[in-house]
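Novice: Each residue of the sequence shown is one higher than the last, beginning at 1 in full-length UniProt numbering.
Sharing a structure here in structure tokens format.
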Amino acid sequence: RFQQVLVNEPSVEATISILRGLSDSYERHHGVRISDAALVAAAQLSDKYITNRFLPDKAIDLMDEAAAARRVQLDSRPEEIDKFERRIMQLEIESAALSREKDKASKQRKAKVKEEIANLKEELRPLNEKWQADRGRADELKNAKEKLAVLEAKSAAAERVGDYEKAADLKYGAIPDLKAHIKKVSETEEQRKQENTGEDNMESEIVTPHHISEIISRWTGIPVTKLTQTDRDRLLKLGDRLKERVIGQDAAVNEVTDCILRSKAGLARSNQPTGSFLFLGSTGVGKTELAKALFSELYDGDERHLVRIDMSEYTEQHSVARLIGAPPGYIGHDEGGQLTEAVRRRPYTVVLFDELEKAHPRVL
Numbered sequence: 001r002f003q004q005v006l007v008n009e010p011s012v013e014a015t016i017s018i019l020r021g022l023s024d025s026y027e028r029h030h031g032v033r034i035s036d037a038a039l040v041a042a043a044q045l046s047d048k049y050i051t052n053r054f055l056p057d058k059a060i061d062l063m064d065e066a067a068a069a070r071r072v073q074l075d076s077r078p079e080e081i082d083k084f085e086r087r088i089m090q091l092e093i094e095s096a097a098l099s100r101e102k103d104k105a106s107k108q109r110k111a112k113v114k115e116e117i118a119n120l121k122e123e124l125r126p127l128n129e130k131w132q133a134d135r136g137r138a139d140e141l142k143n144a145k146e147k148l149a150v151l152e153a154k155s156a157a158a159e160r161v162g163d164y165e166k167a168a169d170l171k172y173g174a175i176p177d178l179k180a181h182i183k184k185v186s187e188t189e190e191q192r193k194q195e196n197t198g199e200d201n202m203e204s205e206i207v208t209p210h211h212i213s214e215i216i217s218r219w220t221g222i223p224v225t226k227l228t229q230t231d232r233d234r235l236l237k238l239g240d241r242l243k244e245r246v247i248g249q250d251a252a253v254n255e256v257t258d259c260i261l262r263s264k265a266g267l268a269r270s271n272q273p274t275g276s277f278l279f280l281g282s283t284g285v286g287k288t289e290l291a292k293a294l295f296s297e298l299y300d301g302d303e304r305h306l307v308r309i310d311m312s313e314y315t316e317q318h319s320v321a322r323l324i325g326a327p328p329g330y331i332g333h334d335e336g337g338q339l340t341e342a343v344r345r346r347p348y349t350v351v352l353f354d355e356l357e358k359a360h361p362r363v364l
């Protein structure tokens, strides 16, 4: 018989410990280094912004994708080098076209083009050398870590089959030597980076919290600048920024700002929205604009992602099913409602109920 065992979702702190245990395997696989700050960011940001999945799965996927993206960038030409090469190619095409012309102006232009090509190639050479050197160091570490993983697997296999002589040779000979080599290369690279802090590496093999934020931004659509801001930075001058967009409604803006600050200070119920507001007024006074401005400042920055529900479509009593989903036993029960699905997919958002006065009272 089988006994049911409940496996609860681990906490953010437990997820960070899990990521620290797994990071070595992902570093060897992708050939990059994952900083501890990136692991912490992966656990915290995935817990906050990815709501339709669970820890540690979503944090592991986030770490994996960030490391893969860093590897792809290491293998690709940097943008600066690519710009130089495209410019050189354009000038070489122009030079070939001018070679067919016989007039004096074309010959003069061709000479200038050839001179510009030579200058660009001279500027490109040190950039290429630096990029190849950075790639070479990253590849050396990657190959050494892959070789270490192979040797450790061989050592474990030798112990299992009883070949203790081979296991001892690997465990006390080749493996320590390779670990020392990896440590030496890593320390040399760290020292080189500290000495050249003023220089910008063409490509770094280290995965940082910024790279984690980029992947979260790609998954959710939230700009990286919003993700890296702390709540304190975002809320400190919220009222002033809202007043820059919504003119002449200082009282309403102050009420909204005060409510949000109270909620962020922990003085609101945790299972309720940050704030619920009913804006009244004639057309054009800024009701919808205030909702858009609030969404832009607090969460996304892209007002196209604002959840807007036109309540003029809910004039009938039974139309509430379209909003929150059909009750159990009715057709469409598994599909969810317009409101519930939007909030489930994007819980950190502003929901705007437009034309509220046109909805049926039972819907409200």
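The beta-carbon is built from N, C-alpha and C at its ideal position, and this holds for glycine as well.
#1: Assuming the contact rule is C-beta atoms closer than 8 Å, residue 98 and residue 144 should be a hit. Round their C-beta distance to whole Å, please.
#2: Short check: CB of residue 206 to CB of residue 33, under 7 Å?
#3: Let me check understanding here. Comparing Cα to Cα, which of 61, 53, 50 and 6 lies closest to residue 18?
#4: If I measure Cβ to Cβ from residue 322 and keep anything under 8 Å in the same chain, skipping five residues before and after, which residues do I get?
#5: What do you get for residue 287, buried or exposed, if any count of 16 or more other CB atoms within 10 angstroms of its CB means buried?
#6: Determine, using beta-carbon pairs with one atom in the region 148 to 162 and one in the region 34 to 51, whether at least three such pairs fall under 8 Å.
#7: Can you tell me whether DSSP reads residue 353 as helix, strand or coil?
#8: Determine the closest residue to residue 278 out of 209, 115, 253 and 46, with distance taken between C-alpha atoms.
#9: Given this structure, state the Cα-to-Cα distance separating residue 256 from residue 310, to the nearest angstrom.
#10: Which residues bound the alpha helix (DSSP H) around residue 139?
#11: Rounding to the nearest angstrom, what Cα-Cα distance links residue 221 and residue 186 in this structure?
#12: With residue 212 as the anchor, note down where its alpha helix (DSSP H) starts and where it stops.
#13: Could you check whether residue 297 and residue 238 sit closer than 7 Å to each other, using their CB atoms as the reference points?
#14: Can you tell me whether residue 58 is buried or exposed? The criterion is at least 16 other CB atoms within 10 Å of its CB, across all chains shown.
#15: What does the alpha-carbon distance come out to for the pair residue 163 and residue 150?
#16: With H, G and I counted as helix, E and B as strand and the rest as coil, what does DSSP make of residue 370?
#17: In terms of residues, what are the limits of the alpha helix (DSSP H) holding residue 77?
#18: To the nearest angstrom, how far is the alpha carbon of residue 84 from that of residue 111?
#19: So what's residue 320 in DSSP terms, helix, strand or just coil?
#20: Measure the alpha-carbon distance for residue 184 versus residue 153 and round it to whole angstroms.
#21: Locate the alpha helix (DSSP H) running through residue 345, then write down its first and last residues.
#22: With which residues is residue 175 paired in a DSSP beta bridge?
#23: Pick out whichever of 135, 29, 20 and 89 has its Cα sitting closest to the Cα of residue 76.
#24: What does DSSP give as the partner residues of residue 33 in its beta bridges?
#25: Cα separation between residue 119 and residue 133?
#26: Just the C-alpha distance for residue 275 and residue 13, rounded to the nearest angstrom, thanks.
#27: For residue 7, name the three-state secondary structure that DSSP assigns.
#28: Within the same chain, show all residues whose beta-carbon is closer than 6 Å to that of residue 139, passing over the 5 residues directly before and after it, in chain order.
#29: Work out the CA separation of residue 96 and residue 108 for me, nearest whole Å.
#30: Please state the DSSP three-state secondary structure of residue 365.
#31: For residue 257, name the three-state secondary structure that DSSP assigns.
#32: If you draw a straight line from the alpha carbon of residue 44 to that of residue 355, how long is it in whole angstroms?
Specialist: The answer reads as follows:
#1: In fact, because the Cβ distance is near 50 Å, the residues do not count as touching under 8 Å.
#2: Yes, these two residues count as a Cβ contact at 7 Å.
#3: 61
#4: Spatial neighbours of residue 322 in its own chain (CB-CB distance under 8 Å, excluding positions within 5 residues in sequence) are listed in chain order as 313, 314, 337 and 338.
#5: buried
#6: no
#7: strand
#8: 253
#9: 22 Å
#10: 104 to 161
#11: Whole-angstrom Cα-Cα distance: 35 Å.
#12: 209 to 220
#13: yes
#14: buried
#15: 17 Å
#16: No information on residue 370 is available, as it lies outside the stretch 1 to 364 that the chain covers here.
#17: For residue 77, there is no enclosing alpha helix (DSSP H), as DSSP marks it with neither H nor E.
#18: 19 Å
#19: helix
#20: 23 Å
#21: First-last of the alpha helix (DSSP H) with residue 345: 338 to 345.
#22: According to DSSP, residue 175 bridges with nothing at all.
#23: 135
#24: 206
#25: 22 Å
#26: 29 Å
#27: Three-state DSSP puts residue 7 in coil, outside helix and strand.
#28: none
#29: 14 Å
#30: What the structure shows of the chain is the stretch from 1 to 364, and residue 365 is not part of that stretch, so it cannot be assessed.
#31: helix
#32: 38 Å
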